[in-house]
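Novice: Chains as they are written, first to last, in the working numbering: chain A, 42 to 544; chain B, 115 to 595.
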Amino acid sequence: MSIPLLSTLIFFPILGGLSLLIVPRQQTATIKIMALIVSLIEFALCAPIFLLFDKTTFAMQFVEVHPWIKALHINYALGIDGISVLFLLLTALIIVLSILVSWQSITTKVQEFFISLLLLEGAMMGVFCATDFFLFYIFWEAMLIPMFLIIGVWGGPNRIYATVKFFLFTLVGSLLMLVGVILLYQNGGHTFDILKLAGQPYSLKLQLILFWAFFAAFAVKVPMWPVHTWLPDAHTEAPAAGSVILAGVLIKMGAYGFLRFSLPILPDATREMMLPMLVLSVIAIVYGAIICLAQTDLKRLIAYSSVSHMGFVTLGMFALNQHGLEGAILQMINHGVVTGALFLAIGMVYERTHTREITAYGGLATTMPVFAGFFLLFTLAAVGLPGTNGFIGEFLILLGSFERAPWTAVVAASGLILGAWYMLWLYQRIFFNEVNEAMHGLKPLDLREILTLLPMVLLIFWIGLYPNALLGFLHVSVGHLLDQVNGLGLAGQAAPLTLALHP
Amino acid sequence: MIASVAVNWTALEPVLPELLLIGVAVLLIGFDLFLPRQRQLLPWLTVIGCLTALAMVLGARPAIGFGGMLLADGYAMVFKSICLGTVILTTLMSERFCAVINLRQGEYYSLTLLSLVGMLLMAAAGDLMTLYLGLELMALPIYALVGLHKRDGRTSEAAIKYFLMGGFASALLLFGMSLVYGLTGTTEIARIAEEITARQLTANPALLLALGLLLTGFGFKVAAAPFHLWTPDVYEGAPTILTAFMSVAPKAAGFAVFGRVLYLGLPALHDQWGPILAVLALLTMAVGNITALCQQSLKRMLAYSSIAHAGYALLGLLTGTIEGLAAAMTYLVMYLFMNIGAFAVLMLLAAPGRAGESLDDCKGLAARNPMAAALMLVFLFSLTGIPPTGGFIGKFYLLKAAFAAGYTATVVGAVLFSAISAYFYLRVVRYMYMDEPRQTDVLHVSPGMSAALGLCLLGVLGLGVFPGSLLDWTLAALSGM
Numbered sequence: 042m043s044i045p046l047l048s049t050l051i052f053f054p055i056l057g058g059l060s061l062l063i064v065p066r067q068q069t070a071t072i073k074i075m076a077l078i079v080s081l082i083e084f085a086l087c088a089p090i091f092l093l094f095d096k097t098t099f100a101m102q103f104v105e106v107h108p109w110i111k112a113l114h115i116n117y118a119l120g121i122d123g124i125s126v127l128f129l130l131l132t133a134l135i136i137v138l139s140i141l142v143s144w145q146s147i148t149t150k151v152q153e154f155f156i157s158l159l160l161l162e163g164a165m166m167g168v169f170c171a172t173d174f175f176l177f178y179i180f181w182e183a184m185l186i187p188m189f190l191i192i193g194v195w196g197g198p199n200r201i202y203a204t205v206k207f208f209l210f211t212l213v214g215s216l217l218m219l220v221g222v223i224l225l226y227q228n229g230g231h232t233f234d235i236l237k238l239a240g241q242p243y244s245l246k247l248q249l250i251l252f253w254a255f256f257a258a259f260a261v262k263v264p265m266w267p268v269h270t271w272l273p274d275a276h277t278e279a280p281a282a283g284s285v286i287l288a289g290v291l292i293k294m295g296a297y298g299f300l301r302f303s304l305p306i307l308p309d310a311t312r313e314m315m316l317p318m319l320v321l322s323v324i325a326i327v328y329g330a331i332i333c334l335a336q337t338d339l340k341r342l343i344a345y346s347s348v349s350h351m352g353f354v355t356l357g358m359f360a361l362n363q364h365g366l367e368g369a370i371l372q373m374i375n376h377g378v379v380t381g382a383l384f385l386a387i388g389m390v391y392e393r394t395h396t397r398e399i400t401a402y403g404g405l406a407t408t409m410p411v412f413a414g415f416f417l418l419f420t421l422a423a424v425g426l427p428g429t430n431g432f433i434g435e436f437l438i439l440l441g442s443f444e445r446a447p448w449t450a451v452v453a454a455s456g457l458i459l460g461a462w463y464m465l466w467l468y469q470r471i472f473f474n475e476v477n478e479a480m481h482g483l484k485p486l487d488l489r490e491i492l493t494l495l496p497m498v499l500l501i502f503w504i505g506l507y508p509n510a511l512l513g514f515l516h517v518s519v520g521h522l523l524d525q526v527n528g529l530g531l532a533g534q535a536a537p538l539t540l541a542l543h544p
Numbered sequence: 115m116i117a118s119v120a121v122n123w124t125a126l127e128p129v130l131p132e133l134l135l136i137g138v139a140v141l142l143i144g145f146d147l148f149l150p151r152q153r154q155l156l157p158w159l160t161v162i163g164c165l166t167a168l169a170m171v172l173g174a175r176p177a178i179g180f181g182g183m184l185l186a187d188g189y190a191m192v193f194k195s196i197c198l199g200t201v202i203l204t205t206l207m208s209e210r211f212c213a214v215i216n217l218r219q220g221e222y223y224s225l226t227l228l229s230l231v232g233m234l235l236m237a238a239a240g241d242l243m244t245l246y247l248g249l250e251l252m253a254l255p256i257y258a259l260v261g262l263h264k265r266d267g268r269t270s271e272a273a274i275k276y277f278l279m280g281g282f283a284s285a286l287l288l289f290g291m292s293l294v295y296g297l298t299g300t301t302e303i304a305r306i307a308e309e310i311t312a313r314q315l316t317a318n319p320a321l322l323l324a325l326g327l328l329l330t331g332f333g334f335k336v337a338a339a340p341f342h343l344w345t346p347d348v349y350e351g352a353p354t355i356l357t358a359f360m361s362v363a364p365k366a367a368g369f370a371v372f373g374r375v376l377y378l379g380l381p382a383l384h385d386q387w388g389p390i391l392a393v394l395a396l397l398t399m400a401v402g403n404i405t406a407l408c409q410q411s412l413k414r415m416l417a418y419s420s421i422a423h424a425g426y427a428l429l430g431l432l433t434g435t436i437e438g439l440a441a442a443m444t445y446l447v448m449y450l451f452m453n454i455g456a457f458a459v460l461m462l463l464a465a466p467g468r469a470g471e472s473l474d475d476c477k478g479l480a481a482r483n484p485m486a487a488a489l490m491l492v493f494l495f496s497l498t499g500i501p502p503t504g505g506f507i508g509k510f511y512l513l514k515a516a517f518a519a520g521y522t523a524t525v526v527g528a529v530l531f532s533a534i535s536a537y538f539y540l541r542v543v544r545y546m547y548m549d550e551p552r553q554t555d556v557l558h559v560s561p562g563m564s565a566a567l568g569l570c571l572l573g574v575l576g577l578g579v580f581p582g583s584l585l586d587w588t589l590a591a592l593s594g595m
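#1: Name the residue from 390(B), 366(B), 190(B), 539(B) whose alpha carbon lies nearest to the alpha carbon of residue 327(B).
#2: Give the residues of chain B in contact with residue 185(A), contact being defined as C-beta atoms less than 8 angstroms apart.
#3: Are the region 577-593 of chain B and the region 179-192 of chain B touching, with three or more C-beta to C-beta distances below 8 angstroms?
#4: If we require 4 or more residues per run, which alpha helix (DSSP H) segments fall completely within the region 491-578 of chain B?
#5: Name the residue from 200(A), 290(A), 500(A), 301(A) whose alpha carbon lies nearest to the alpha carbon of residue 239(A).
#6: Suppose the cutoff is 6 angstroms on Cβ atoms and the five residues either side in sequence are ignored; what does the same chain contact list for residue 162(A) look like?
#7: For residue 468(B), write down the residues that DSSP places opposite it in a beta bridge.
#8: Anything in the region 102-124 of chain A with a Cβ closer than 9 angstroms to a Cβ of chain B? List those residues in chain order, please.
#9: Does any CB atom of chain B fall closer than 8 angstroms to the CB of residue 208(A)?
#10: Who are residue 338(A)'s beta bridge partners in DSSP?
#11: Indicate the three-state DSSP secondary structure (helix, strand or coil) for residue 61(A) in the structure shown.
#12: What is the residue span of the beta strand (DSSP E) that residue 117(A) lies within?
#13: Let me know the secondary structure DSSP gives residue 308(A) once reduced to three states.
#14: Would you call the CB atoms of residue 337(A) and residue 399(A) closer than 8 angstroms?
#15: Please give the ranges of any alpha helix (DSSP H) in the region 193-219 of chain B, keeping only runs that are unbroken, at least 4 residues long and fully inside the region.
#16: Comparing C-alpha positions only, which one of 245(B), 415(B), 407(B) sits nearest to residue 184(B)?
#17: Assign residue 348(B) to one of two classes, buried (16 or more other C-beta atoms within 10 Å of its C-beta) or exposed (fewer than that).
#18: Determine the contact status of residue 320(B) and residue 297(B), defining contact as a CB-CB distance below 8 angstroms.
#19: When you check each C-beta in the region 529-541 of chain B against every C-beta of chain A, which residues fall closer than 7 angstroms?
#20: Quick one: which residues of the region 557-581 of chain B get their C-beta closer than 7 angstroms to a C-beta of chain A? List them in chain order.
#21: In the DSSP assignment, find the beta strand (DSSP E) that holds residue 184(B) and state where it starts and stops.
#22: Distance, Cα to Cα, residue 397(B) vs residue 455(B)?
#23: When you compare the CB of residue 249(A) with every CB in chain B, is at least one pair closer than 8 angstroms?
#24: Run the CB neighbour count on residue 508(A), radius 10 Å, all protein chains shown included, and call it buried at 16 or more, exposed below.
#25: Between the Cα of residue 208(B) and the Cα atoms of 159(B), 240(B), 346(B), which residue gives the shortest distance?
#26: Taking the alpha-carbon of residue 212(A) as reference, which of 261(A), 491(A), 355(A), 470(A) has the nearest alpha-carbon?
#27: What does a CB cutoff of less than 7 angstroms around residue 438(A) pick up in its chain, not counting 5 residues either side in sequence?
#28: Taking CB distances under 8 angstroms as the criterion, tell me whether residue 219(A) reaches chain B.
#29: Measuring only the C-alpha atoms, how far is residue 145(B) from residue 200(B)?
#30: For residue 60(A), which residues in the same chain have their Cβ closer than 7 angstroms to its Cβ, ignoring the five residues on either side in sequence?
#31: List, in chain order, every chain A residue whose beta-carbon is nearer than 8 angstroms to that of residue 552(B).
#32: Helix, strand or coil for residue 95(A)? Go by DSSP, reduced to three states.
#33: For the region 83-99 of chain A and the region 140-156 of chain A, state whether three or more C-beta atom pairs, one from each stretch, are separated by less than 8 angstroms.
#34: Would residue 362(B) and residue 453(B) qualify as a contact pair, given that the criterion is a beta-carbon distance under 8 angstroms?
#35: From what residue to what residue does the alpha helix (DSSP H) around residue 276(A) run?
#36: Kindly say whether residue 205(A), judged by its beta-carbon, lies nearer than 8 angstroms to any beta-carbon of chain B.
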């Protein structure tokens, strides 16, 4: 590759964001349009990656390696495989939509907001592209700064508590991971290269220590029960764009971290810890769903439903079989799309009503029929109705977990029932019932808002009806990952063999 | 030894930068006395003098001067550069700030330079005598500087306190040195190590007492807990410009002699001083970070934060490995930029008649001056240790070095304390971005201040993204040790 596509993907939004500094602060319209154009170009830049991606190999593609800090053997190393490629697209799309949904709701410090958003995009792209653990950590932590500001400056009334909690939770987790990274470096042949770190024979004790050190960072980010408590606060107080990014991309990074680091580098510990992880996942599913039933705050309800849905993701992941893993990755994308869409929709209605109390709503189906249609679709996708994307992901996960431990699938399935309950009940309370007085005369959706929601609708049906479009990216890489977890893919020399096993 | 009658001028080569600075200091006094109307030139003269000295330091060949009394090696070069950098940056910032708080100018610059000469001597000290000489030459002008602002009662208190504590620390240090001399019969640091091995003194209780006294004395100088008690009051009482200077340069010089004595003179006692320093480092981080949590004054908070950062730097020193020492040196370079930067923004908040030192003063800074707030944001995140800033790279390197040396528990402690520190650094960010401004007057940024802020930003972000050359530099500087 002569053009460093991945570097472009990372640094284009960063430079684009910084270029907003040139525009005078008062010209908010110019700033918004520039930010939108930057994000659209970034989205377009993903197209060549999507088209040129070779689905038949698990090797890293679009690789770029440059020595960076020679004294510490750290490289600027980028590359993507089937596991990460989809997240690049998702990130680019989510940022475009977040910019659109912030068009009118952000009125103060507009310049700073869009700069933060674009810097965040660059860092998130970096997280998914990095194949050097140190570089990964840099991007992983760098994300915290813009996110801290987005929640803290443009959030709701209780934003400061929420953002500090978010920051401290993630920081403590990340720092423990940092110690783990250094420990791994000392024992893994003094390199930060993920590919070289994987497949080395570490002792089980070391693997377990590292597993829990990484767990501290990734579980907080997912968030798994019982370290999920920052998520409802952060989601509730964040501005619409912040919630969408949190739900859409940020919390996926925890699960991505497990897939990229814990599973391939620490296979023995992963197998050893499978049962506790499955239990935590199942608890998250049921607990999150039950808490949802008791919520009176619209955004908080969706936030807890995220806990439940991410429980499905970790369940599928730690089932450690082809179905479970593919389902987990697909469900990560699905959850990003569906919950992202729900937060977009809630952001739109919040702009009109300025309340998140469910009881304040009622009868919106009469006053905002188009919106009601969109929301119904997103609700059904969240519930996992066949034909929508949610169904495919959850089905694969349940299949995978049933193959691994049938009882987990049984308990997890109850989460589905509860999910249908709280989501449909929510829909009833908001859109049906009598028309609440305050809900009269709400402005119908305008073209910008419909255009914001439309891509999500298309994705929901596209993935729901033709899941192979995405699963095709996953097969080979997931197969290779499973080989690594099962101790077959040692240090790459067994590569041709594994290819033959998983065509 | 027989001294030749003719003076050998080439012997002065290793101290040329110091001589130049003394010359500039004298020139500054004269300038101040005889051309009082041209006082605005003083800072620029100081900066030019320091830049020349910096060029000379960086360009000099490694040399041993005065029969081993001065070691102008790579190690000295790094610390000299840090001290010179501090003076250059603070001098650039000084012009308007001194005008705002009515600080009499001429003495300020010449005293700073004289103190700087002391630091340069400390950095290059190869003998306990030069070390002590440098230490006193550094400290005496600072005692005067702290009390320079006569109208403020706090500064007088700070000056007295600093003087007494400093004198006490010097006395302990001297006591320790005299014991070392008595046991080994030499004051040359490199030969002390040889004598300790030759005479098998490692288990000698008198030497251990000497070690304890030396650690206490150096602990005072770098403000490590539990010898830090003077720091918050002195840092808060001194004029902010001086606090910025004191929190970096004397500390770096203190680390220079600390490292030199421990690594060159007492490597045989690493089994003793390693664990002691580990405890001191943890204690320093704990005291600095936890006490900073509940400060209402931004200046005092930064004072405690600088205590905590001394704790991080100790983390490199305690390893006893070259990598650890290099990490500590790297960290001090990063610390120079981020700490001076944070103090620079604090100085911007000062206005005639208002100190502007409390946390309330930075409320709504993002609305008053978005650029200053953004800069402060970068410096604070760097102090917290969040990538892609230099503070992260520095901290990472330290943790890695301490880890490699086997101090796992200390590393975990350091990591947790640095998570705690996030809370109070973030509080400033919160006030800047998430509160309404209390004052609405426009901040005045002088050209010198802009230059200093620009340099600090460049240092923090540039070294954060491209740290390779700095790490190579510090490692290469230690190649001879």
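Even glycine gets a Cβ: it sits at the ideal position worked out from N, Cα and C.
Predicted, not measured: the structure shown is a model, and the values here were computed from it.
Specialist: Looking at the atomic coordinates:
#1: Among 390(B), 366(B), 190(B), 539(B), the Cα nearest to that of residue 327(B) is on 390(B).
#2: In chain order: 500.
#3: These segments touch.
#4: Every alpha helix (DSSP H) stretch that sits fully inside the region 491-578 of chain B and reaches 4 residues is listed by chain position as 504-518, 522-548.
#5: Per the Cα distances, 301(A).
#6: 54, 136.
#7: As DSSP reads the structure, residue 468(B) sits in a beta bridge with 465(B).
#8: Considering only beta carbons, the part of the region 102-124 of chain A lying closer than 9 angstroms to chain B consists of 108, 109, 110, 111, 112, 113, 115, in chain order.
#9: Closer than 8 angstroms to some Cβ of chain B, the Cβ of residue 208(A) qualifies, so yes.
#10: Note: residue 338(A) sits in a beta bridge opposite 398(A).
#11: If DSSP states are grouped into helix, strand and coil, residue 61(A) belongs with the helices.
#12: Annotation: the continuous beta strand (DSSP E) that includes residue 117(A) extends over 115-121.
#13: Correct three-state label for residue 308(A): helix.
#14: Yes, the pair counts as a contact, with Cβ atoms nearer than the cut-off.
#15: Here no run is fully enclosed.
#16: Residue 184(B) has its Cα closest to that of 245(B), out of 245(B), 415(B), 407(B).
#17: It counts as buried.
#18: With contacts defined as CB atoms closer than 8 angstroms, residue 320(B) and residue 297(B) qualify as a contacting pair.
#19: Residues passing the 7 angstroms Cβ filter: 529, 532, 533, 536, 537, 540.
#20: For the region 557-581 of chain B, the set of positions with a beta-carbon nearer than 7 angstroms to some beta-carbon of chain A reads 581 in chain order.
#21: Where residue 184(B) is concerned, the enclosing beta strand (DSSP E) starts and stops at 184-186.
#22: Distance between the alpha carbons of residue 397(B) and residue 455(B): 26 angstroms.
#23: Taking Cβ atoms only, chain B never reaches closer than 8 angstroms to residue 249(A), which makes this a no.
#24: Buried, since its Cβ has 16 or more Cβ neighbours within 10 Å.
#25: Of the listed residues, the one whose Cα sits closest to residue 208(B) is 159(B).
#26: Of the residues 261(A), 491(A), 355(A), 470(A), the one whose Cα lies closest to the Cα of residue 212(A) is 261(A).
#27: By the criterion of a C-beta distance shorter than 7 angstroms, residue 438(A) is surrounded in its chain by 353, 356, 357, 365, 368, 369, 372, once the five residues flanking it on both sides are discounted.
#28: With 8 angstroms as the cut-off, residue 219(A) counts as an interface residue toward chain B.
#29: About 23 angstroms.
#30: Correct list: empty, nothing qualifies.
#31: Ordered by position in chain A, no residue passes the 8 angstroms Cβ test against residue 552(B), which lies about 17 angstroms from the chain.
#32: Here residue 95(A) carries a coil assignment [DSSP, helix/strand/coil].
#33: Because the criterion of three Cβ pairs below 8 angstroms is not met, the region 83-99 of chain A and the region 140-156 of chain A do not touch.
#34: Against a cut-off of 8 angstroms, the Cβ pair of residue 453(B) and residue 362(B) comes out as a contact.
#35: Secondary structure note for residue 276(A): its alpha helix (DSSP H) is the uninterrupted segment 271-278.
#36: Taking 8 angstroms as the threshold, the shortest C-beta distance from residue 205(A) to chain B falls below it.
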